[in-house]
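In what follows, a single structure is set out as structure tokens and then discussed.
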Amino acid sequence: MIDIHCHILPGVDDGAKTLEESLEMCRMAVADGVKTIVATPHQHDGVYNTPSATILAKVEQLNAALKQAQIPLTILPGADVYIDVNTQEKITSGEIMTINRTKRYFLLEFPSHTLPANIENMVFNLMLKNIIPVLTHPERIGEVQQHPNRIYDLVSLGVLSQITAMSLTGGFGRHAQKCAKTLVEHNLAHIIASDAHSIDSRPPILTKGVKEAAKIVGHDWAQAMVTTIPQQVISGQPVEDLEAPVPIKRRWFGLG
Ligand SMILES: [Fe+2]
1 MIDIHCHILP GVDDGAKTLE ESLEMCRMAV ADGVKTIVAT PHQHDGVYNT PSATILAKVE
61 QLNAALKQAQ IPLTILPGAD VYIDVNTQEK ITSGEIMTIN RTKRYFLLEF PSHTLPANIE
121 NMVFNLMLKN IIPVLTHPER IGEVQQHPNR IYDLVSLGVL SQITAMSLTG GFGRHAQKCA
181 KTLVEHNLAH IIASDAHSID SRPPILTKGV KEAAKIVGHD WAQAMVTTIP QQVISGQPVE
241 DLEAPVPIKR RWFGLG
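The opening position of the sequence shown corresponds to residue 1 in UniProt numbering, with each subsequent residue numbered one higher.
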């Protein structure tokens, strides 16, 4: 499996604090069946702004430590990015770290309660430049839980969406769980990732979430969400053979 969203680099954000903790998270991921992790420290979120050069250096250090410890896992560079008006320029210049430096896909994180008012325009302008946002954990955004068709609109524009494995198993509460399952059922979630921050409260485990997704879309598609689809993303290739997004009917909204 490939985990494209993981705060695995030590000492750069609110993820792993030390190299030892990073290695322990890596061991857990390997035991869960993960072979590749994209390291995605927060970038430009107003609190953490890990420079791309630091991400590259830390990825190299962690890969060397993994080799030394004989842990069969590859770390690729990435970032968890807050969108702003200059995102496109920052991607072109390398100031923003795209997923595996493809300059094609990047993880786009929103504030926890709302989507930016002009998000469709911003996304559309990025897509015109062949830059495709991967929305991180839309199921955990209050506005999306209330109005999940906002994600239908964005996915219809061509963005990808990544839900958190722990949301599917209820680790982020009932609202996020229901929203995650609804997005999966309506082809509005393409990738499952851990968004892991630690070994205990937010661990790098995918299989439990994949199992929940399989109950909705079947084993093969749930597996694709952690294998073939993220593989195409880290390769910078077009993601092919996606099912068409389905608008969500009113009965799904909220918890009712
Ligand atoms: Fe994250």
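Using N, Cα and C, we set each Cβ at its ideal position, and we do this for glycine too. All values derive from a computational prediction rather than experimental measurement.
#1: Using C-beta distances below 6 Å, list every residue in its chain close to LEU9, excluding the 5 sequence neighbours before and after it, in chain order.
#2: Rounded to a whole number of angstroms, what is the C-alpha to C-alpha distance between ILE96 and ARG174?
#3: Taking 6 Å as the cut-off, is the beta-carbon of ASP195 closer than that to any non-hydrogen atom of ligand 1?
#4: Could you give the distance in angstroms between the alpha-carbon of GLY256 and the alpha-carbon of THR54?
#5: If the criterion is Cβ atoms closer than 7 Å, does the pair LEU73 and LEU66 meet it?
#6: Hey, could you find the ends of the alpha helix (DSSP H) LEU76 is sitting in?
#7: Looking only at its chain, what residues have a beta carbon closer than 7 Å to the beta carbon of ASP84, apart from the 5 residues adjacent to it on each side?
#8: How about the stretch 184 to 203 and the stretch 149 to 169: do they share at least three Cβ pairs that are nearer than 8 Å?
#9: What are the boundary residues of the alpha helix (DSSP H) that THR182 is part of?
#10: By the three-class DSSP mapping on this structure, what secondary structure does PHE124 have?
#11: Evaluate LYS35 with the Cβ neighbour count: other Cβ atoms within 10 Å of its Cβ, from every protein chain shown; 16 or more gives buried, anything less gives exposed.
#12: Give me the residue from THR18, ALA165, HIS5, ASN100 with the minimum Cα distance to ILE234.
#13: Closest by CA to MET28, which one among HIS197, GLY46, SER156, SER112?
#14: Can you say whether SER201 is buried or exposed, counting buried as having 16 or more other CB atoms within 10 angstroms of its CB?
#15: Between ASP13 and ligand 1, is there a pair consisting of the residue's CB and a ligand heavy atom that are separated by less than 6 Å?
Put simply:
#1: For the purposes of this step, residue 9 is taken as the residue at position 9 of the sequence shown. Within the same chain, LEU9 has close Cβ partners ALA39, PRO41, LYS58.
#2: Your numbering for residue 96 matches position 96 in the sequence shown. Your numbering for residue 174 matches position 174 in the sequence shown. Distance between the alpha carbons of ILE96 and ARG174: 33 Å.
#3: The count along the sequence shown starts at 1 and reaches residue 195 at position 195. Yes, the Cβ of ASP195 comes within 6 Å of a heavy atom of ligand 1.
#4: Here residue 256 refers to the residue found at position 256 of the sequence shown. Here residue 54 refers to the residue found at position 54 of the sequence shown. Residue placement at GLY256 cannot be trusted, given a pLDDT of 41 that sits under 50; the coordinates are not used to answer.
#5: For the purposes of this step, residue 73 is identified with residue 73 of the sequence shown, where counting begins at 1. For the purposes of this step, residue 66 is identified with residue 66 of the sequence shown, where counting begins at 1. Contact flag set, yes.
#6: Numbered from its first residue, the sequence shown carries residue 76 at position 76. It is not in any alpha helix (DSSP H) - LEU76 instead sits in the beta strand (DSSP E) that spans 74 to 77.
#7: Here residue 84 corresponds to residue number 84 of the sequence shown, with the count starting at 1. So the qualifying residues of the chain are HIS44.
#8: yes
#9: Stepping through the sequence shown from its first residue, residue 182 is reached at position 182. Looking at the DSSP string, the run of the alpha helix (DSSP H) that includes THR182 is 174 to 185.
#10: Working through the sequence shown from its first residue, we reach residue 124 at position 124. Three-state result, PHE124: helix.
#11: Within the sequence shown, the letter at position 35 stands for residue 35. Under this definition LYS35 is an exposed residue.
#12: Mapped onto the sequence shown, residue 234 falls at position 234. Minimum Cα distance to ILE234 is reached at ASN100.
#13: Locating residue 28 in the sequence shown gives position 28, where the first residue counts as 1. Residue HIS197 is the option with its Cα nearest to MET28.
#14: Here the question's residue 201 lines up with position 201 in the sequence shown. Classification of SER201: exposed, given that the 10 Å Cβ count is below 16.
#15: On the sequence shown, residue 13 is found 13 positions in, with the first residue counted as 1. Answer for ASP13: no, Cβ out of range of ligand 1.
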